[in-house]
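Chains A and B supply the protein sequences, listed in that same order. Going letter by letter, the first sequence gives residues 1328 to 1727 in our numbering. Going letter by letter, the second sequence gives residues 31 to 352 in our numbering. Every residue, glycine too, gets a C-beta built ideally from N, C-alpha and C. Everything on this sheet refers to the single structure shown next.
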Amino acid sequence: MILWVEKYRPKKLDEIIGQTSAIKQIKDWIEDVKKGTVRKALLLYGPPGTGKTSAAHAIANELDFDAIEINASETSAGEKLRSIISNLGAPSLFGRNRLIIIDEADALSSSEAKEIARLAEKLVSMCPIVITVNDMYRNVPPEIRKISEPVKFNRLRWTTIRSVLASIAREEGIDMSTEVLKEIAVNASGDLRAAINDLQAICQGSMDLVSEIGKRVGQRDVEKGIFDLLKAVLISGRCGYSKVVLRNLNQDPRFVFRWIEENLPLFCKEPQALRAAYDALSEADLFFKRASETGKMGLLAYSIDMMTFGVCSSKGQKPTGWIKFRFPDIIRRRSATKEVRKEAKDIALMLAKKLHISSSKVIEEIFPIIREDIKRKGRILDYISHEIGVPKEKLKEIIG
Amino acid sequence: MSYELWVEKYRPKKLDDMVDQEEVVEALKGFVKSGSIPHLLFAGPPGTGKTTAALALANEIYGQEDLVQANYLELNASDERGIETIRTKIKDFAKTVPAGGVPFKIIHLDEADHLTPQAQHALRRIMEMYSSSTRFILACNYSSRIIEPIQSRTAVFRFLPLPESAIKDRLRYIAEKEGVAVTDEGLDAIVYVSEGDLRRAINTLQTVAVVGKEINKDLVFKMAGLAMPEKVERMIKAAYEGKFLEARGILRELMLKDGVSGEDLIKQIYREISMSDDFSDAEKAKLISYIGEADFRLALGLHPDVQLGFLLAQILELGSAR
């Protein structure tokens, strides 16, 4: 089964939509390269699914060069680049020139990035380089920025996305209402790749009910992001990359923490590794506390690193076979009892005032008395209900 | 048997009625006689009489119930949301003149050691701001967790752990008044599970009294949150034998379903492991250090389920090395 994102990937620069000024800048660069002028590397930056990788490959097509792609999140990027350099002296198989594409460069660790920048500096006079990143200001090391000129890719408008979806649907012979296409387009928040993936998922699931689509697509952002993160932490073994994924995830790290904790023992079976990984989680927990205690939110960075990098680096062998990610049990149970716990706290606070103790002591020591009393004669319950003015039935429901 | 809560019903109203703490009581009576008090810091383990002493002192200084009502404010640092709400409450209370012609109001701030050092510095400024019309009584478990500037501005009173005999006498007195039968072993058991904390002992007594006609050892252990030793044992065993997910499942059941607190669970794990014959001495030594670290982290306020999960992973590793 071919993915539509691949099938409909633009082959020429002019097919890339919604990035007029970026394309103009790129064409200018191409003209110079064709003339043999040495230019800095092109640094294509912008949110996911806006056309950066497509543009990089389209550049190779327009130049009629061979594209050599290095994906920072997959292999040892530095090694690959070194081997490319050593082979550059030899002519390419069909005697063609080469364009080097370094994809997702913000996933490089800082030492890798330095090395790549050093190598690329040498390389840039020999062959043109295109680099893609998501966030130019957060994760791109200065060494990379120094050797390149930035090209900005904008988040796409939903109307633009919808028109692409409509043409794909037409091409595939699928009858889809504008309403549904709009829903998918809006939901993708500017990410065309995500929108096309959703469209394909919905069509092939033959789900034609708008509400179903809404449900399914609505969860996409959260779950997909977290699944990507879990893959990075628990499966891939690319620890530096997992850190970046979490930082770009736009989720409360405490929430993500629960996902990692829930799933860790499913993927990590060696006792020593599990102990080490849990040690890292425990440290992350410690830094959450330190951050909130001191008000220094910068300390959260250590939590984030411990729960991604720390867990990833200590979890030992890669798991085999396919394992399904689990939703965190703790979050499920907590949200089920959250309302009750809040009410219990309120009642404890009322009693705390009467008893000259803290509410947590009330929950620990006084609630058991009431709980046992409820099971029996209920006389203490009567008394308490009268004292704090809360109906007996309510107390039974909350404490009992 | 009465329907009120015994902790409150049997709380001494006068300093002379307090259990033990003679030295503190003598000094406080001196303040009553002179009609004035400095700022006070009460330090001591839970359930040794700090709150009771503060209340009794207020009763004796003001003499009348309505004056106490009007001039005595009680706050619990662990229940207030930060120093700002404490400041607001103190401000509102302290800005009016003391009612009924008394010379000062009293603010009792319990669990003051729950405040961060920064918050304590803010508290010190608040104390100074209102000291012309207000006296502060701060209570804490450890005076070392109170910043120096506050310690130096308060008269520090140390509440000593109550002797077991004093706790037993008090429990026996209450049981008699309430017409509850209690065995001597039953009393020993209550003293044991409440660890010298008289308030907890009285609450345990009442819980057990609600449940059974006669208060004996078995009933006490059953009711005192130690109800699930088998489960705790099963959890430790599962981890040690390499069944981590099962162990974690039991942990969650204990915490989320049975409502056992992290601290209680740690104590029970400690007890189980100390008394167990399944571990070598070397293993026990390691385990105890792991438990101690987990206990410490709980005291810092970390997530009990995460820290206990880590402890289980350590037990798992230890078991795998065998």
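The alpha-carbon separation between Ala312 (chain B) and Ile321 (chain B) amounts to approximately 14 angstroms. For the segment 139 to 163 of chain B, the set of positions with a beta-carbon nearer than 8 angstroms to some beta-carbon of chain A reads Asp140, Glu141, Thr146 in chain order. Per DSSP, reduced to three states, the secondary structure at Asn89 (chain B) is helical. In terms of Cα proximity to Thr1347 (chain A), the closest of A:Arg1581, A:Glu1333, A:Phe1480 is A:Phe1480. With distances taken between CA atoms, Glu1476 (chain A) lies nearest to A:Val1460 out of A:Asn1577, A:Ile1488, A:Thr1486, A:Val1460.
For Ile1488 (chain A), the closest C-alpha among the options A:Asp1433, A:Gly1378, A:Asp1341 is that of A:Gly1378. At least one CB atom of chain B sits nearer than 8 angstroms to the CB of Ala1679 (chain A). Against chain A, the CB of Asn106 (chain B) has a partner CB under 8 angstroms away; the residue lies at that interface. Proximity of chain A to Asp47 (chain B) at the Cβ level (cut-off 7 angstroms) is not reached, the minimal Cβ distance being about 16 angstroms. For Leu346 (chain B), a Cβ of chain A is located within less than 8 angstroms of the residue's own Cβ. For Asp308 (chain B), no CB of chain A lies under 8 angstroms from its own CB, so it is not counted at the interface with that chain. Ranked by Cα distance from Met1677 (chain A), the options B:Ile137, B:Gly272, B:Leu105 are led by B:Leu105.
Between Asn101 (chain B) and Pro68 (chain B), the beta carbon gap of about 17 angstroms keeps them out of contact (Cβ cut-off 8 angstroms). For the beta strand (DSSP E) assignment, the uninterrupted runs of no fewer than 3 residues enclosed by the segment 1458 to 1544 of chain A are, from N- to C-terminal side, 1475 to 1479. Taking 8 angstroms as the cut-off, the Cβ atoms of Asp1525 (chain A) and Ile1511 (chain A) count as close. Among the residues facing chain A, Leu332 (chain B) is included, as its CB has a counterpart in that chain under 8 angstroms away. CA-CA distance, Ile1443 (chain A) to Ile1471 (chain A), rounds to 8 angstroms.
Taking every protein chain shown into account, the CB of Thr1621 (chain A) has fewer than 16 other CB atoms within 10 angstroms, so this residue is exposed. DSSP places Arg188 (chain B) in the uninterrupted beta strand (DSSP E) bounded by 185 to 188. In the three-state reduction of the DSSP assignment, Leu168 (chain B) falls in the strand class, which pools E and B. Contact annotation for Asn246 (chain B) against chain A: no contact, minimum CB-CB distance about 16 angstroms [criterion: below 8 angstroms]. In the structure shown, the three-state DSSP call for Lys1379 (chain A) is helix.
Cα atoms of Gly60 (chain B) and Pro133 (chain B): separation of roughly 17 angstroms, rounded to the nearest angstrom.
Going by beta carbons, Val37 (chain B) and Ile232 (chain B) fall inside the 8 angstroms limit.
For Asp1393 (chain A), the beta-bridge partners assigned by DSSP are A:Arg1425. The criterion of a C-beta distance shorter than 8 angstroms is not satisfied by Ile1357 (chain A) and Ile1350 (chain A). By the criterion of a C-beta distance shorter than 7 angstroms, Val221 (chain B) is surrounded in its chain by Glu194, Ile197, Lys198, Ala231, once the five residues flanking it on both sides are discounted. Contact check for Leu1483 (chain A) against Leu1519 (chain A) passes: the beta carbons are separated by less than 8 angstroms. If you keep only unbroken alpha helix (DSSP H) runs of at least 4 residues inside the segment 1685 to 1714 of chain A, you get 1694 to 1702. Against chain B, the CB of Leu1561 (chain A) has no partner CB under 8 angstroms away; the residue lies outside that interface. With respect to the C-alpha of Leu1492 (chain A), the residue from A:Lys1473, A:Ala1528, A:Asp1612, A:Arg1409 having the closest C-alpha is A:Ala1528.
DSSP places Phe1654 (chain A) in the coil class of the three-state scheme, outside both helix and strand. For the segment 1491 to 1523 of chain A, the set of residues with a beta-carbon nearer than 9 angstroms to any beta-carbon of chain B is empty. At the C-beta level, Ile296 (chain B) and Ala324 (chain B) come within 8 angstroms of one another. In the DSSP annotation of this structure, Glu104 (chain B) is not part of any alpha helix (DSSP H); the continuous beta strand (DSSP E) holding it starts and ends at 102 to 106. Annotation for Asp1606 (chain A): no beta strand (DSSP E) segment contains it, though the alpha helix (DSSP H) segment containing it runs 1598 to 1621.
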